[in-house]
Structure formats: C-alpha cells, structure tokens
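Just below is one structure, and these are the notes that go with it.
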Amino acid sequence: MLRRLYRCVVRSHPSGFRRRFGEEMLYIFDQQKGTLSALGVILDCVFSLLRQWTLRPHVGIELPAAPLLSPAADQIPSFETLDPFRPRASAIINGTVLSLILFCMSVFAIRYSWIHVLNLRIPSVAVNPSQQVGPQTRLQFDVIPTEPEGIQSKTIASSSPRTTAAPIRTRGVTIWLDPYVGKYISNYPPARISIQIEGDPLRGDHLSLSLAAAERPSLALSPVSPARFVIDGAENSYVDFTTDAQGRICCLSFVVNGNAIIAQRQ
Amino acid sequence: MAERLDSYLPLSSAALHILLALAGEDLHGYGIMQEIARQSVGIYKLGPGTLYDNLQKLVQFGWVRELGPRRGDDDPRRRYYRLTDAGREVLTAETARLTQVVREARSRLRGPNPRRV
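Chains as they are written, first to last, in the working numbering: chain A, 3 to 268; chain B, 16 to 132.
Below you can see the structure in the form of structure tokens.
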C-alpha cells in the first residue's frame, strides 16, 4: 500500500526527473525497514515533488542519462507523459496576475449587482379590488435606485391621492391615516417609497404604497394595528411603521416574503 | 576561477554532504544516504527526494558525474555517481570557507566574556 503511494508520488515528478531517478528512488524505498521510515521517505518525496514543479527552472529539460543495463526489476512499465512541455515562469506569473484581476473584477461585479438590483417577488397582488386575482398570479417588483433630484417619480394610482381622510376603525381601534402619508427613503437598497391616501368608491379611504419609478400600480394597504398594515392580496407582505419619541411616524419597514426594506421618512 | 566558485558558496547542507560523501569513493544513491548518515553520526538524514533533487543540480553544474549501473551489482537499479574535478574544487573552497568560520568562532568563544550592562 505504502509502496503504491510512493510510486504514485514518484510518477508525479516531471518526466525527465522520473526517468532518471525514479527507479533508484523506488530502490531506496525498498531498503527502508519499518512503516515510520517508509512514511518519512514518502513525505520527503512529496516535498521533492513540490520543489521540482515549482522551483526548478530546468524541470522540462531532459538530462543525458547513463544507459540502463536491464529494464525495471518489477517489469511494470512507467507512466509516460505525452509532452514534456512546461510553461515559462513568466507565462505562469502573467497567468496568475490575469487570474487575480479577473477574480477581483468578478467579485466587484457581483457586489455591484447585489447592491443595485434586488428582485422582490410578491406572491399575488390585487391590482383592482373588483378584479378577482388567482392565487397563482405573480407580480414582480424591481426596486430601482432613487433618481437624481429634479426627476419626478412616476406613480400610477387608481385614484387621485389625498393627504387627509376620515378615520377608519379596525379591531376596535380608530386609526387616522393622515400621519402615515409621506415619502420614505431607503439607502440600502436605494428606493423611494410613497405612502398616500386613496379614495375608493367600494372600500372607502385607504392607504396605498407605491415605489418610485416603478411602472406598477400602487399597493393598497389595510391596517392590522396602528403600527402594521398588510398589503391587500399579497401573502407575507406588510408594512410596519415606527414612531419617534414625539409619536410621529419616522420610518417604515416594507417586508415582502421576509425581505425587508427599511426607509426613513423624508 | 576562484571568483566563479565563490558565487556558488555557501553550499546548502545537502549539497555539501553529498559532495563530501562522494569525495571518498563512487557511490550509488542509497550509498550516499548511508555515508551521509555515517559522517554526521546519524544527525543529518537525507531522504531520496532531497538527495536526487540535489544530485540533479550537482550533475547539471558538472560537479558530479553519473556513471550508471555497475556490472555484477546486486540491483541493476542502482546508479553510481562520481565527484568530478570541478566538484572537488568547489568542495575544497567550501571547506576552506567553513574552516575560516570555525577559526573565527573559536577565537570569539575563547576571548573575554562580554561586559554585562
């Protein structure tokens, strides 16, 4: 077993070295007595293997060898390499540098795309309350970086937004919608979220959420509590509002399937 | 010639011991390993990988010549190696350098003890 392992290591040496010294190295291994000394010889051979492939510039050069009187004693043919080619050291260095550059560029590209593109999948969204939406319907939202100042965000609303509304009652609690209305900015991922009041002839006044520059309908919100509104027709999607010390809404957390966008009020 | 030799000095431990082992007689690889172990009283043991890696270098420098197997030897896999004249010169130069080192070390060690601050 150990001899086979040693033979493999010897055969892994460059062809010139192996042809010249391989049989002698096997002979020396055969002279070892005990497993410990055999293991020491194998370890030394591994170091030799590393040296030959990394440090010796003449690895691929065949040295003139004295003729053998007879073939190998064990009559087992040695491995032959098809080509004793070995790349130049400068080519190896160039290849290493090029690989490192490509690796760094790939890492940078992945990091850049991770910051700037975040696909959020909303299971199902009721675009229109009167329209029946099947449970398998999927609507994909792309969170798009905030636009430069001066460019108006596009918001598609089903009705004209307002900033005041009558209070609504849910679970015995009266909720005024006005304090929630405003623009919320997220830095990571960059996004602008608008919360506004919309009036609907069927369901009355309600909050709606829209993402800046997204060519999507706004999302209707229904209150669960003063701090949490769920997105109508979407599972596992809700908006949590946080108040500051004065009791004013200061930020929101837009959660879609466990992915959260934290946005501060502008 | 001396300047050319100096560029190769100091020799590595393995190269020095191999040249030293071959200075007495022609030896095969395993014989070199045994001779080195004998000369260093078992302190310095050379593995076959290190031995042949250095032998390859020494043959390329022209300090050691490969003779090949001997007729009538026990094992035909054994190849013998011989120290060349160039190898002997290098060994002589390295020995002189080491002698100087030893002389310097002895004179320093015999001298007065360094002052304690």
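C-beta atoms are modelled at their ideal positions from N, C-alpha and C, and glycine is treated no differently.
Owing to the predicted nature of the structure, the values given are computational and were not obtained by experimental measurement.
Within the model, the alpha-carbon separation for glycine 126(B) versus phenylalanine 23(A) is close to 49 Å. For the pair leucine 24(B) and phenylalanine 105(A), the Cα-to-Cα distance works out to about 42 Å. For the pair arginine 53(A) and aspartate 68(B), the CB atoms are nearer than the 8 Å cut-off. Counting only the Cα atoms, serine 227(A) lies some 7 Å from threonine 172(A).
Interface criterion met: the Cβ of tyrosine 29(A) is under 8 Å from a Cβ in chain B. By a beta-carbon distance limit of 8 Å, tyrosine 95(B) does not contact glutamine 33(A). Their separation comes to about 16 Å. Under the DSSP assignment, glutamate 25(A) falls in the alpha helix (DSSP H) whose first and last residues are 17–33. Distance from the CA of leucine 179(A) to the CA of isoleucine 263(A), rounded to the nearest whole angstrom, comes to 21 Å. The beta-carbon of arginine 93(B) is placed less than 8 Å from the nearest beta-carbon of chain A.
In terms of beta-carbon proximity, threonine 99(B) stays away from the interface with chain A, with every pair separated by 8 Å or more.
Distance from the CA of threonine 176(A) to the CA of proline 225(A), rounded to the nearest whole angstrom, comes to 10 Å.
Contact between the region 76–85 of chain B and the region 241–259 of chain A is absent: fewer than 3 CB-CB pairs across the two stretches fall below 8 Å. With respect to the 8 Å criterion, alanine 29(B) and glutamine 54(B) are not classified as neighbours on the basis of their beta carbons.
By the Cβ-count criterion, glycine 235(A) is buried, with 16 or more other Cβ atoms from all chains shown falling within 10 Å of its own Cβ. Methionine 48(B) is a Cβ neighbour of leucine 66(B), given a cutoff of 8 Å. Within the region 19–46 of chain A, contact with chain B at the beta-carbon level (separation under 8 Å) is assigned to Phe19, Arg22, Phe23, Glu25, Glu26, Met27, Leu28, Tyr29, Ile30, Phe31, Gln33, Gly42, Val43, Leu45, Asp46. Closest by C-alpha distance to asparagine 259(A), out of Ser17(A), Tyr182(A), Ser115(A), Ser239(A), is Ser239(A). At a cut-off of 8 Å, the C-beta of glutamine 71(B) has a neighbouring C-beta in chain A.
Under the DSSP assignment, arginine 5(A) falls in the alpha helix (DSSP H) whose first and last residues are 4–13. In the DSSP assignment, no residue is bridged to histidine 32(B).
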